Amino acid sequence: MTASPAWAVVPAAALVVVFAGAAAALDGVLDPAGRGRPMSGRLGRPLWETARLLRQRRRTTVAPDALLWRAGTAGPLVVALLMAVVVPVGGITVADPPVGLVWFNALDVALWLTVWAAGWGANSVYGLVSGYRFLSQALAYELPLMFALTAPAVAAGSLKIGQIVAAQDKTWFVVRMPAAFLVFLVAVAGFSLWGPLAYPAGRDLAGGVLAEPSGVDRLVLLAGRYALLTVGAGMSTALFLGGGAGPLLPGWLWSLLKTALVLAGLVAVRRAMPVLRADRVMRLAWLVVLPVTLLQLLVVSVLALGGS
Amino acid sequence: MVLTQLLGRWAARRPHVLAVAAPGATAVRLAVEVEMARIGAVAATAPSDADVLLAVGSPGDELRDAIDLVWSQLPGPRVRADIDDPAEAGAVLRQVVRQLSDPQRAAEPDRRDEWAERAPDTHGEDMQMPGGLMMADRGPDRDALALDVLTVPLGPVLPDWPSGLVMDLQVQGDVVQQARSRILSAATPPRPFWDAAGPGASRRHAAAHLDSLQRLLAVAGWPGMAWRVRRLRDSTLTDTPGPVLRGHLAAIGRRLNRSPTLRWATDGLGVLTAETADRLQVSGPAARAALEGGDVTARWRRWLTETDALLAGEPAGPGPRGRSVPGRPASAGLLAAADELAIGLDLAAARLVMASLDPDPDQLAAAPEPAEARS
Amino acid sequence: MLTAVFWVLAVVAVAAGIAVFTVDSMARATVALAVSFVAVGTALLLIDAGYLGVITILMMLMEMGIMAVFMIMYMMNPGGLMPMSMLHNKRGALAISIGAFVLLAAGALLTPWPQRRGEPPSDVTRALGEAVMGSKMLVMMSVSAVLFATMVSALVLATGRGRYDGDEAPAAEDAGGGA
Amino acid sequence: MNLQMFLLLAAALFAVGLFGALSQQAVVMVMMGLELMINALVVAGAAFWYFLTPQAPDGQVFVLVVLAAMTVEMAMGFAVTTLLFRAKDADMTDMAAELRG
Numbered sequence: 001m002t003a004s005p006a007w008a009v010v011p012a013a014a015l016v017v018v019f020a021g022a023a024a025a026l027d028g029v030l031d032p033a034g035r036g037r038p039m040s041g042r043l044g045r046p047l048w049e050t051a052r053l054l055r056q057r058r059r060t061t062v063a064p065d066a067l068l069w070r071a072g073t074a075g076p077l078v079v080a081l082l083m084a085v086v087v088p089v090g091g092i093t094v095a096d097p098p099v100g101l102v103w104f105n106a107l108d109v110a111l112w113l114t115v116w117a118a119g120w121g122a123n124s125v126y127g128l129v130s131g132y133r134f135l136s137q138a139l140a141y142e143l144p145l146m147f148a149l150t151a152p153a154v155a156a157g158s159l160k161i162g163q164i165v166a167a168q169d170k171t172w173f174v175v176r177m178p179a180a181f182l183v184f185l186v187a188v189a190g191f192s193l194w195g196p197l198a199y200p201a202g203r204d205l206a207g208g209v210l211a212e213p214s215g216v217d218r219l220v221l222l223a224g225r226y227a228l229l230t231v232g233a234g235m236s237t238a239l240f241l242g243g244g245a246g247p248l249l250p251g252w253l254w255s256l257l258k259t260a261l262v263l264a265g266l267v268a269v270r271r272a273m274p275v276l277r278a279d280r281v282m283r284l285a286w287l288v289v290l291p292v293t294l295l296q297l298l299v300v301s302v303l304a305l306g307g308s
Numbered sequence: 309m310v311l312t313q314l315l316g317r318w319a320a321r322r323p324h325v326l327a328v329a330a331p332g333a334t335a336v337r338l339a340v341e342v343e344m345a346r347i348g349a350v351a352a353t354a355p356s357d358a359d360v361l362l363a364v365g366s367p368g369d370e371l372r373d374a375i376d377l378v379w380s381q382l383p384g385p386r387v388r389a390d391i392d393d394p395a396e397a398g399a400v401l402r403q404v405v406r407q408l409s410d411p412q413r414a415a416e417p418d419r420r421d422e423w424a425e426r427a428p429d430t431h432g433e434d435m436q437m438p439g440g441l442m443m444a445d446r447g448p449d450r451d452a453l454a455l456d457v458l459t460v461p462l463g464p465v466l467p468d469w470p471s472g473l474v475m476d477l478q479v480q481g482d483v484v485q486q487a488r489s490r491i492l493s494a495a496t497p498p499r500p501f502w503d504a505a506g507p508g509a510s511r512r513h514a515a516a517h518l519d520s521l522q523r524l525l526a527v528a529g530w531p532g533m534a535w536r537v538r539r540l541r542d543s544t545l546t547d548t549p550g551p552v553l554r555g556h557l558a559a560i561g562r563r564l565n566r567s568p569t570l571r572w573a574t575d576g577l578g579v580l581t582a583e584t585a586d587r588l589q590v591s592g593p594a595a596r597a598a599l600e601g602g603d604v605t606a607r608w609r610r611w612l613t614e615t616d617a618l619l620a621g622e623p624a625g626p627g628p629r630g631r632s633v634p635g636r637p638a639s640a641g642l643l644a645a646a647d648e649l650a651i652g653l654d655l656a657a658a659r660l661v662m663a664s665l666d667p668d669p670d671q672l673a674a675a676p677e678p679a680e681a682r683s
Numbered sequence: 684m685l686t687a688v689f690w691v692l693a694v695v696a697v698a699a700g701i702a703v704f705t706v707d708s709m710a711r712a713t714v715a716l717a718v719s720f721v722a723v724g725t726a727l728l729l730i731d732a733g734y735l736g737v738i739t740i741l742m743m744l745m746e747m748g749i750m751a752v753f754m755i756m757y758m759m760n761p762g763g764l765m766p767m768s769m770l771h772n773k774r775g776a777l778a779i780s781i782g783a784f785v786l787l788a789a790g791a792l793l794t795p796w797p798q799r800r801g802e803p804p805s806d807v808t809r810a811l812g813e814a815v816m817g818s819k820m821l822v823m824m825s826v827s828a829v830l831f832a833t834m835v836s837a838l839v840l841a842t843g844r845g846r847y848d849g850d851e852a853p854a855a856e857d858a859g860g861g862a
Numbered sequence: 863m864n865l866q867m868f869l870l871l872a873a874a875l876f877a878v879g880l881f882g883a884l885s886q887q888a889v890v891m892v893m894m895g896l897e898l899m900i901n902a903l904v905v906a907g908a909a910f911w912y913f914l915t916p917q918a919p920d921g922q923v924f925v926l927v928v929l930a931a932m933t934v935e936m937a938m939g940f941a942v943t944t945l946l947f948r949a950k951d952a953d954m955t956d957m958a959a960e961l962r963g
């Protein structure tokens with residue numbers, strides 16, 4: 001794994017933005033409301049929305065905490081870009097620190113405060129409630145996520161993402177730890193406020209964290225959601241799907257292909273089911289998912305001991 | 309300049325429309341929804357999300373004030389229009405979108421959020437609160453912590469919410485402690501759209517159930533499915549043959565019944581027992597569902613079954629919401645039940661319960677309001 | 684270069700720390716404390732303590748998230764809409780803490796610290812992991828026992844009525860939803 | 863960078879935390895002061911490890927233990943606050959003083 005010079009953050013960020021835009025376009029294509037309309041109109045949805053939001057004014061509310069509000073709305077996008085720093089594309093990565101996996105984890109925890117602040121700052125009931133919805137949902141998915149992240153680290157014997165990818169040269173980790181892979185994807189949906197875990201951005205609360213921001217603020221928040229999905233998909237490729245491993249094609253292309261595939265799956269899942277309330281998610285997470293993830297970790301550890 | 313025009317054109321390709329319907333404007337609302345789908349407009353989730361504000365039907369004074377307040381909250385560029393005739397929905401919407409793409413709109417002279425800056429009236433000689441806001445009061449709760457109680461009105465402007473309904477809630481965090489619902493009046497006493505009698509009544513009642521179902525699915529956060537049901541509702545009101553409709557309905561029913569996540573969201577929620585239904589004079593599908601478990605799941609299943617029977621040609625009952633007696637429309641009992649069942653639930657669950665009972669505002673705004681509700 | 688980065692982080696950490704006690708709003712105080720921890724965690728990254736730095740950031744952000752819940756539950760005026768001071772005995776506290784700083788700083792600067800012995804191992808995190816799982820296993824076991832005891836006693840203290848006694852405890856599992 | 867710089871940072875954080883812990887009324891705010899003081903310990907511990915005995919892992923282990931202590935402090939703090947709040951409706955230290963005896 002080659003670490004890149006500092007300017008590599010620019011193409012990395014551009015890649016995230018392109019993929020996030022593609023995810024938004026795919027979401028437009030899958031939306032049944034667009035059925036019967038020309039494909040160009042459906043594919044262009046991210047463009048129309050961006051134009052709309054760029055033209056729109058930013059608004060204020062009664063006695064907002066403007067500082068926390070603006071920082072919170074920008075937060076998800078910033079977090080996604082910081083996460084992207086350690087996500088490898090083929091053999092290339094912006095940085096491959098020895099604790100890359102913990103870096104990823106710490107950043108997803110950073111979303112706890114930013115999403116909460118985005119809800120809190122607007123000083124509206126919907127925002128406030130949605131901020132707390134996110135925290136309660138995060139309490140449900142975070143611990144399983146941590147153990148799901150631990151599994152590949154244990155199997156590879158390293159917290160360095162480059163080494164985790166390298167350890168999958170024989171078998172991809174998804175074969176050895178399917179449960180961890182699944183939990184990871186669900187958690188990605190969770191911290192991206194996406195699909196069945198879009199509870200903090202629920203329509204029943206007029207959009208939740210999205211209830212108050214408009215214009216550029218809204219654009220940044222929406223882009224942040226898609227960017228988080230993208231980075232999550234990229235990370236799942238590196239941790240569980242062998243990174244750039246694959247025949248014929250160059251490694252970076254394999255990485256991008258796998259990422260696109262996972263991302264498409266994440267986008268599609270939104271159409272397949274309703275949103276889950278946090279109390280239900282909490283019960284499932286602590287009573288079922290957490291034991292399963294721990295069991296998975298045990299299996300992986302035993303395998304790792306046997307292998308060494 | 310070219311860029312502004314391009315932005316304007318692009319922005320108007322997918323306008324976000326906030327349609328606020330008055331009670332009694334169901335026919336106009338349905339026409340607006342059809343036209344919005346035709347031009348590719350999206351239903352806005354909140355004032356912050358909207359480019360266009362449509363006042364649908366003829367709202368009474370209080371609802372008119374609410375619409376004015378919402379108008380001041382639209383970020384802009386923004387357009388506002390009134391629609392009171394189903395036939396003109398298409399023309400109005402197209403005109404509105406033309407106005408929206410006008411670059412002049414974007415240059416609305418430096419509008420400020422007056423609504424956010426003005427201090428609401430403070431009552432009497434209470435302490436002057438910052439921004440004119442009241443501090444939260446405290447009250448007992450289930451964990452004996454006496455936390456802050458907030459008084460929050462849900463509605464009248466909320467996505468997938470019965471027209472003109474206001475549910476005044478007292479919440480601690482997001483747990484409802486008290487709920488009291490009322491319907492804002494319309495300018496003219498409305499004729500309930502769904503309560504048709506005569507030859508077309510079965511179709512009309514089936515469409516009423518489908519309208520309720522699409523609202524429930526939207527509240528449950530399943531917009532794609534809600535969209536399918538909405539389409540089915542609209543074709544039910546046309547002369548599409550019954551067997552075709554039943555085929556679509558069966559497909560939808562299979563998806564819903566097989567969705568563990570939907571079952572999970574609605575099972576055991578908001579149980580309306582037969583006794584309570586009796587006491588509150590609830591009849592119709594909600595009362596019949598009370599015999600099958602009485603939870604939200606039982607109610608949406610009941611809608612599916614009864615819609616299918618109605619489409620198969622079964623004669624229509626007294627009304628989609630049940631039997632109304634003079635002075636007490638069927639929806640009055642549903643509204644009372646929603647208030648009772650909401651207590652102790654979080655906001656999301658309370659909204660699901662309301663959607664699963666789905667009182668018809670047309671009926672309620674038509675009825676003379678009881679004297680005590682005025683005080 | 685690194686030194687300059689360190690000083691910037693140090694100033695941010697201390698300034699955010701001071702902000703915790705000077706801003707009106709509890710929400711901002713919580714976030715300020717989080718910022719202080721993030722700055723300290725980043726400073727640790729400068730001295731090869733990668734794992735410690737990142738884990739500090741991780742744990743403290745999580746803690747501040749939880750803190751946000753409690754703060755709004757219990758505090759009057761968490762948003763700081765009413766300007767008010769929550770200080771008491773400000774002057775005494777200020778004197779004591781300035782005294783403490785002078786003492787500690789003098790100690791830090793004047794003590795003849797011993798020379799550095801050896802270089803950090805090439806993989807610091809691995810060394811830490813091996814220590815925790817090997818020579819320092821006992822420490823970690825006692826820490827985990829303490830953590831477990833804390834969890835139990837915190838629950839016992841915070842729960843008003845027993846979960847399993849008396850009239851059916853209403854919906855124990857929706858504690859999160861009802862925050 | 864050298865040890866003295868890190869220790870200065872630690873001293874400053876400790877002093878700020880001490881000020882908070884001594885001057886604040888709300889229990890939650892006092893806890894924030896304690897957190898800041900522990901934060902200072904983290905800085906000092908890591909600095910001692912890196913600048914004095916980088917070979918031995920003890921310094922790092924110490925910091926880990928401190929972090930664990932911080933969590934314990936927080937958890938117990940919240941539990942006690944909840945208890946106080948329910949029992950006496952107090953979230954201020956002055957009011958809690960009456961609970962003695």
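Residue numbers (the numbering used here), protein chains in the order written: chain A, 1 to 308; chain B, 309 to 683; chain C, 684 to 862; chain D, 863 to 963. The C-beta atom is built at its ideal place from N, Cα and C for all residues, glycine as well. Remember, it's a predicted structure, so these values are computed and weren't measured experimentally.
Could you check whether residue 172 (chain A) and residue 222 (chain A) sit closer than 7 Å to each other, using their CB atoms as the reference points?
No, the pair does not count as a contact, with Cβ atoms beyond the cut-off.
Can you look up residue 155 (chain A) in the DSSP assignment and give me helix, strand or coil?
Reduced to three states, the DSSP call for residue 155 (chain A) is helix.
Pick helix, strand or coil for residue 168 (chain A), following the three-state DSSP scheme.
Here residue 168 (chain A) sits in coil by DSSP.
Less than 7 Å between CB atoms is the rule here; does residue 892 (chain D) satisfy it with respect to chain C?
No, because no Cβ of chain C sits closer than 7 Å to the Cβ of residue 892 (chain D).
Quick one: is residue 747 (chain C) near chain A, going by C-beta distance under 7 Å?
At least one beta carbon of chain A lies nearer than 7 Å to the beta carbon of residue 747 (chain C).
Closer than 7 Å, CB to CB, is residue 112 (chain A) near chain C or not?
Taking 7 Å as the threshold, the shortest C-beta distance from residue 112 (chain A) to chain C falls below it.
Counting only Cβ-Cβ distances shorter than 7 Å, please list the residues of the stretch 157–191 of chain A near chain C, keeping chain order.
Listed in sequence order: 159.
Given that residue 318 (chain B) touches chain A, what residues does it touch there, using C-beta distances under 7 Å?
By Cβ distance, chain A contributes 47, 48 and 51.
Contacts of residue 929 (chain D) in chain C (Cβ-Cβ under 9 Å)
Within 9 Å of the CB of residue 929 (chain D), the CB atoms of chain C belong to 735, 738, 739, 742 and 743, in sequence order along the chain.
Alpha-carbon to alpha-carbon, residue 80 (chain A) and residue 346 (chain A)
Outside the modelled stretch of chain A, which goes from 1 to 308, sits residue 346 (chain A), for which no answer is possible.
To the nearest angstrom, how far is it from the Cα of residue 78 (chain A) to the Cα of residue 262 (chain A)?
Taking the straight line joining both Cα atoms gives about 22 Å.
Using DSSP's beta-bridge definition, name the partner residues of residue 725 (chain C).
According to DSSP, residue pairing for residue 725 (chain C) in a beta bridge does not occur.
Interface residues of the stretch 582–597 of chain B facing chain A [CB-CB below 9 Å]
Within the stretch 582–597 of chain B, no residue has a Cβ that lies closer than 9 Å to any Cβ of chain A.
Give a yes or no on whether 7 Å exceeds the smallest Cβ distance from residue 304 (chain A) to chain C.
For residue 304 (chain A), the answer is no, since every Cβ of chain C falls outside 7 Å of its Cβ.
Give the single residue among A:87, A:41 and A:206 whose Cα lies nearest to the Cα of residue 107 (chain A).
Nearest of A:87, A:41 and A:206 to residue 107 (chain A), Cα basis: A:87.
Whole-angstrom C-beta distance between residue 887 (chain D) and residue 801 (chain C), which should lie under 8 Å:
About 48 Å separates the two Cβ atoms, so there is no contact after all.
Could you give the distance in angstroms between the alpha-carbon of residue 174 (chain A) and the alpha-carbon of residue 243 (chain A)?
Residue 174 (chain A) and residue 243 (chain A) have their C-alpha atoms roughly 11 Å apart.
Report buried or exposed for residue 558 (chain B), applying the criterion of at least 16 other Cβ atoms within 10 angstroms of its Cβ.
Classification for residue 558 (chain B): exposed.
Verify the CB distance criterion: does residue 755 (chain C) have a CB-CB separation below 7 Å to chain D?
Chain D, which has no Cβ nearer than 7 Å to the Cβ of residue 755 (chain C), makes this no.
Ignore the nearest five residues each way along the sequence and tell me which others in residue 137 (chain A)'s own chain have a CB closer than 7 Å to its CB.
Taken in chain order, the residues that qualify are 190, 197, 199, 200, 278 and 281.
Give me the DSSP bridge partner(s) of residue 363 (chain B).
Residue 363 (chain B) pairs with B:328 and B:390.
DSSP state of residue 473 (chain B), grouped into three classes?
DSSP places residue 473 (chain B) within a strand segment (E or B) once states are collapsed to three.
Using a Cβ-Cβ cutoff of 8 Å, what residues of the stretch 864–876 of chain D are near chain C? List them in chain order.
So the list reads 865, 866, 867, 868, 869, 870, 871, 872, 873, 874, 875 and 876, given in the order they occur along the chain.
Opposite residue 461 (chain B) in the DSSP bridges: which residues?
Its beta-bridge partners are B:476.
Cβ neighbour criterion (16 or more within 10 Å) applied to residue 258 (chain A):
Buried: at least 16 other Cβ atoms inside 10 Å.
Does DSSP classify residue 93 (chain A) as helix, strand or coil?
Taken through DSSP and simplified to helix, strand or coil, residue 93 (chain A) comes out as strand.
Same chain only: Cβ atoms within 6 Å of residue 653 (chain B), ignoring 5 sequence neighbours per side:
Here the set comprises 484.
When DSSP labels each residue in this structure, what does residue 604 (chain B) get in the three-state scheme?
Of the three classes helix, strand and coil, the one that applies to residue 604 (chain B) here is helix, per DSSP.
Provide the residue span of the alpha helix (DSSP H) that contains residue 878 (chain D), from first to last.
Counting along the chain, the alpha helix (DSSP H) containing residue 878 (chain D) begins and ends at 865–885.
Look up residue 651 (chain B) in the DSSP assignment and say whether it is helix, strand or coil.
In the displayed model, residue 651 (chain B) falls within coil according to three-state DSSP, outside both helix and strand.
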